[in-house]
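Student: All residue numbers for the sequence shown refer to the working numbering, where the first residue is 9 and numbers rise by one.
For glycine and all other residues, C-beta sits at the position ideal for the given N, C-alpha and C.
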Amino acid sequence: MHAAVRLLTIVTLLLGLMAPSVFAANVGFEEVKIPNGAEAPLTAGIWYPTNAPATPHVLGNFTQTVAADAPIAGNRLPLVVMSHGGGSWYGGHDDTALALAHAGFVVAALSHAGDTFDDQSRVLQLWRRPAQLHGLVDYMLDKWHGHAQLDAARVGAFGFSNGGFTVLVALGGVPDLSTIAPFCEAHPDQDLCEALEHAGVDLHIGANVPADAWVHDPRIRAAVIVAPAFGFAFSGARLSGVRAPVQLWSAADDRHQPHPYYDEAVRDNLPHAPDFHVVANAGHYDFLPPCDARLSRPRPEICSSLPSFDREAFHEQFNADVVRFFEATLR
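1) Tell me, please, whether the stretch 127–144 touches the stretch 60–74 by the rule of three or more beta-carbon pairs shorter than 8 Å.
2) Using the C-alpha atoms, what's the distance from Gly-112 back to Arg-332?
3) With DSSP run on the structure shown, which of helix, strand or coil describes Leu-108?
4) Sorted by chain position, which residues of the same chain lie with C-beta nearer than 6 Å to Ser-119's C-beta, five sequence neighbours on each side aside?
5) Work out the CA separation of Pro-268 and Gly-181 for me, nearest whole Å.
6) Skipping 5 residues on each side, what residues in its chain have a beta carbon closer than 7 Å to that of Tyr-33?
7) Roughly how many angstroms lie between the CA atoms of Gly-100 and Leu-141, to the nearest whole one?
8) Taking 8 Å as the cut-off, does the stretch 212–220 touch the stretch 161–179 (at least 3 CB pairs, one atom from each stretch)?
9) Between Val-223 and Val-177, what straight-line distance do the alpha-carbon atoms span, to the nearest angstrom?
10) Taking only three categories from DSSP, how would you classify Gly-214?
11) Of all the options Gln-128, Leu-106, Ala-76, which has the alpha carbon lying nearest to the alpha carbon of Gly-93?
12) Enumerate, from N- to C-terminal direction, the unbroken beta strand (DSSP E) stretches of 3 or more residues contained entirely within the stretch 69–106.
13) Is DSSP giving Tyr-293 helix, strand or coil here?
14) Rounded to whole angstroms, what's the CA-CA distance from Ala-221 to Pro-183? Just pull it up for me.
15) Say whether chain C places a C-beta atom closer than 8 Å to the C-beta of Thr-187.
16) Going by DSSP, what residue range makes up the beta strand (DSSP E) through His-285?
17) Specify the secondary structure class of Val-19 as computed by DSSP and reduced to three states.
18) Please look up how many angstroms separate the CB atoms of Gly-95 and Pro-57, rounded, as I've assumed it's under 8 Å.
19) Helix, strand or coil, according to DSSP, for Asp-184 in the structure here?
20) Straight-line CA distance for Lys-151 to Pro-226?
21) Around the Cβ of His-280, are there at least 16 other Cβ atoms within 10 angstroms (buried) or fewer (exposed)?
22) What ranges does the alpha helix (DSSP H) occupy inside the stretch 103–174, keeping only unbroken runs of at least 4 residues that lie completely in it?
23) From Arg-319 to Gly-291, what does the alpha carbon distance come to, in whole angstroms?
24) Which value, in whole angstroms, describes the spacing of the CA atoms of Lys-237 and Asp-199?
25) Classify Ala-252 as helix, strand or coil using the three-state DSSP reduction.
26) Kindly give me the distance between the Cβ atoms of Val-145 and Val-89, rounded to whole angstroms, as I take these residues to be in contact under 8 Å.
27) May I ask you to list the residues that DSSP assigns as paired with Ser-258?
28) Considering just the uninterrupted stretch of the beta strand (DSSP E) at Pro-308, what are its terminal residues?
29) Got a sec, what are the start and stop residues for the alpha helix (DSSP H) Arg-332 sits in?
30) Apart from the five residues on each side of it in sequence, which residues of its chain come closer than 6 Å, Cβ to Cβ, to Tyr-77?
31) Assign Arg-305 to one of two classes, buried (16 or more other C-beta atoms within 10 Å of its C-beta) or exposed (fewer than that).
32) Nearest CA to the CA of Cys-299: which residue from Asp-261, Ser-313, Ala-105?
33) Once the 5 residues before and after Val-286 are set aside, which same chain residues still bring their CB inside 6 Å of it?
34) Note down the Cα distance separating Ala-46 from Ala-245, rounded to an integer number of angstroms.
35) Taking the continuous alpha helix (DSSP H) assigned at Ala-203, which residues delimit it?
36) Since Tyr-270 sits in a beta bridge, which residues does DSSP pair it with?
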């Protein structure tokens, strides 16, 4: 009898360890301003579990069902910080943020000043992005009004395109930006290089970037990296400092960052093999949420998919896989 009781106790404890950190009915949301030294404050969006009633709210070109500025439900909550792609903003992956928040995570996404839809003035000052992401983690763990309900030992990061580059640096990568100019000289017709030329960006910047410009954040314990930009800038030696587990995503029909210079370069040079996913028939922008008419008309280049690709169905699976990865690695 005593043995049976002990066994039941052990099973109960194990189930408790395996269970989500919080059971909440809805997702709360708020926008915050984060101090950024002498520059203007950074803007971030934060999604989190709540038991408050949720209603539809417009967020950019999307509508999300959230409880605005509601109380946070739960304690010792894991945190995932998000870094968007070039020319985007903090709401660029709102469906993934919502999925993580429904699963019990707090998600904080940053608008990277100088590389947003309304400000591309510092698009190739790539070292600014990891420093900004580091500041977001600082803010969330130390100054956010809900910081006492976070578990500082369970911090993850999600990054797409330029955001994937950003997260690789945060994990310990040290890119060589001097590779950008010769790469684009050899591949002038690639979308990335054409976009940089169209923006009038000087590609010869790598030699003037000191090694200590790249800010790492050892508090980040796991990362989802999606179609990372400038993958060719990371050799094996320059990714040797990455120790955290990585889930890496690649679009099989990525014409913006064509194979094998981006995702494959990262996959092959990480010191530990990532959880690697190749999505058949997907293009680069299929990792962005499905568009509605408000975005499809002005931005068809990021909203169009191949006729054989169901972006909505893919995102249901993608978000579920991202949630499972962080649940497994941020225990």
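Tutor: Here's the rundown:
1) no
2) 12 Å
3) helix
4) Counting only residues of its own chain and dropping the five nearest sequence neighbours on each side, Ser-119 has a CB closer than 6 Å to the CB of Thr-51, Trp-97, Tyr-98.
5) 19 Å
6) The amino acid at residue 33 is misidentified as Tyr; the sequence shows Ala. Answer for Ala-33: Asn-59, listed in chain order.
7) 15 Å
8) Result no; under three Cβ-Cβ pairs closer than 8 Å.
9) 7 Å
10) DSSP places Gly-214 in helix when its eight states are reduced to three.
11) Gln-128
12) Whole beta strand (DSSP E) segments, 3+ residues: 70–76, 85–91.
13) DSSP places Tyr-293 in helix when its eight states are reduced to three.
14) 10 Å
15) The displayed structure is made up of one protein chain only, and chain C is not part of it.
16) Unbroken beta strand (DSSP E) run through His-285: 283–287.
17) Annotation note: pLDDT 37 at Val-19 (below 50); position unreliable, coordinate value reported separately. Helix, per DSSP.
18) That pair is no contact at about 31 Å.
19) Note: Asp-184 maps to coil in three-state DSSP.
20) 19 Å
21) The residue in question, His-280, is exposed, as its Cβ has fewer than 16 Cβ neighbours within 10 Å.
22) 136–150
23) 10 Å
24) Residue 237 is actually Ala in this sequence, not Lys. Spanning the two alpha carbons is a distance of roughly 12 Å.
25) coil
26) 6 Å
27) Val-286
28) Run containing Pro-308: none in the beta strand (DSSP E); it sits in the alpha helix (DSSP H), 308–311.
29) Counting along the chain, the alpha helix (DSSP H) containing Arg-332 begins and ends at 319–337.
30) Looking at the sequence itself, residue 77 is Asp, so the reference to Tyr does not match. Counting only Cβ-Cβ distances below 6 Å, and skipping sequence neighbours, we find Glu-38.
31) exposed
32) Of all alpha-carbon atoms in Asp-261, Ser-313, Ala-105, the one lying nearest the alpha-carbon of Cys-299 is that of Ser-313.
33) Hits under 6 Å: Ser-258, Ala-260.
34) 34 Å
35) 199–206
36) In the DSSP output, where bridge partners are listed per residue, Tyr-270 has none listed.
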